[in-house]
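Down below is the structure, laid out as structure tokens.
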């Protein structure tokens, strides 16, 4: 698959294209990103606005790299200027190094400020850890205020996310949601009748934040943020907003006809599905579908199948349980991941 990309002239965008080309070469068609027209990276002022954190949000490389920091005073965050109803959203992210217990970095979509009690949400949450233990990645899917069913999954990584930028992407259509890490699809949520309104279906904004999650993020709150290591800095670059923008007042979309349907046409090939299965076999550490403690009766969209044999009753992957003391995997190619 060839990814057609029209990128504004800048050294950052050229670097992004180079990295993307290398990734596509390594991964071949099995892990290629969706083919979309006019896929562009944006400078901060072209699509985003600061939410909080005053000087803890800093722009670099002519606004094409955003640094968010957490110190004892505050964290920081930004959001897209527009709401979107479906699309492809992506960023290259580099996480804080050293002792990062209690630190949470998030890249997510939400409409909680518009629909307070019936909000939708799609999350990448990065959960910091004590020195020598790796960051964890969690994905969440909420629809229509269904926070009682978290739909969380957690994963280990095959690289150190503090050493370099890695790409994290969300495809959201009316039919499915796909999460990607470095072009590899890691999770798919297909809209089913059983999910009903729990499938995210209302316009959302894109957010990026860093904040203090001491009460829960690391070993259930056992390890807190230690501010002697502050400031903790997360870096965001290669920002992509490719979606159907929605007017925040009347919620009318700018996408019509084929433009609105383009995201529904994106599915995974057999090779991509195989790649996702291999990733999940090696790197998933928790799945809500297999958590029989929280959900004695699995949520209706869960199709357990033979994968259930790989999980404990707590929803934790057996392989993860055996490797609880874990270690960083170091940097490796896409091929070695799969």
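Numbering (mature numbering (1 follows the signal peptide of the UniProt record, and there is no 0)), first residue to last: -32 to -1, 1 to 306.
Don't be surprised by glycine CBs; every beta carbon is placed ideally from N, CA and C.
Beta bridge counterpart(s) of residue i as assigned by DSSP
i           : result
residue 145 : 140, 157
residue 254 : 122, 284
residue 152 : 149
residue 53  : Answer is none; residue 53 lacks a bridge partner.
residue 175 : 47, 76
residue 8   : Residue 8 pairs with nothing; no bridge assigned.
residue 58  : 137, 208
residue 1   : Note: residue 1 sits in no beta bridge, so no partner.
residue 108 : 91
residue 214 : 51, 221
DSSP-derived helix/strand/coil call for residue i
i           : result
residue 15  : helix
residue 63  : coil
residue 198 : coil
residue 24  : helix
residue -12 : Residue confidence is low: residue -12 scores 44 on pLDDT, short of 50, so the model does not pin down where it sits. No coordinate-derived value is stated.
residue 180 : strand
residue 187 : helix
residue 128 : coil
residue 102 : coil
residue 231 : helix
residue 247 : helix
residue 238 : helix
residue 275 : helix
residue 226 : helix
residue 166 : helix
Buried versus exposed call for residue i [16 or more other C-beta atoms within 10 Å across all chains shown]
i           : result
residue 122 : buried
residue 168 : buried
residue 103 : buried
residue 6   : exposed
residue 93  : buried
residue 229 : exposed
residue 99  : exposed
residue 183 : exposed
residue 272 : exposed
residue 261 : exposed
residue 264 : exposed
residue 87  : buried
residue 58  : buried
residue 206 : buried
residue 107 : buried
residue -13 : Annotation note: pLDDT 45 at residue -13 (below 50); position unreliable, no value reported.
residue 227 : exposed
residue 210 : buried
residue 281 : exposed
residue 119 : buried
residue 219 : exposed
residue 165 : exposed
residue 36  : buried
residue 224 : exposed
Of the residues the options, the one placed nearest residue i, counting alpha carbons only
i           : options           : result
residue 9   : 114, 262, 51, 32  : 32
residue 101 : 112, 125, 117     : 125
residue 181 : 191, 63, 34       : 191
residue 90  : 53, 105, 138, 257 : 138
residue 75  : 19, 2, 112, 177   : 177
residue 23  : 42, 50, 151, 253  : 42
residue 185 : 97, 274, 246      : 97
residue 110 : 170, 152, 226     : 170
residue 188 : 47, 69, 105, 14   : 69
residue 204 : 44, 119, 40, 143  : 44
residue 232 : 53, 284, 26       : 53
residue 130 : 165, 84, 66       : 66
residue 249 : 20, 276, 194      : 276
residue 196 : 11, 39, 17, 21    : 39
residue 201 : 18, 73, 136       : 73
residue 150 : 144, 127, 136     : 136
Do the stretch 71 to 86 and the stretch 227 to 236 meet, that is, are 3 or more Cβ pairs less than 8 Å apart?
-> No, they do not touch.
Could you tell me whether the stretch 260 to 273 touches the stretch 153 to 163, where touching means 3 or more Cβ pairs closer than 8 Å?
-> Cβ pair count under 8 Å is three or more, so yes.
Are the stretch 215 to 230 and the stretch 58 to 75 in contact at 8 Å, needing three or more beta carbon pairs?
-> Using a C-beta cut-off of 8 Å, the stretch 215 to 230 makes no contact with the stretch 58 to 75, since fewer than three inter-stretch Cβ pairs fall below that distance.
Answer yes if the stretch 15 to 32 comes into contact with the stretch 103 to 114, meaning at least three C-beta pairs across the two stretches below 8 Å, and no otherwise.
-> With the cut-off at 8 Å, the stretch 103 to 114 and the stretch 15 to 32 do not touch.
Spell out a yes or no on whether the stretch 145 to 159 and the stretch 256 to 266 are touching, meaning 3 or more CB-CB pairs, one atom from each, closer than 8 Å.
-> With the cut-off at 8 Å, the stretch 145 to 159 and the stretch 256 to 266 do not touch.
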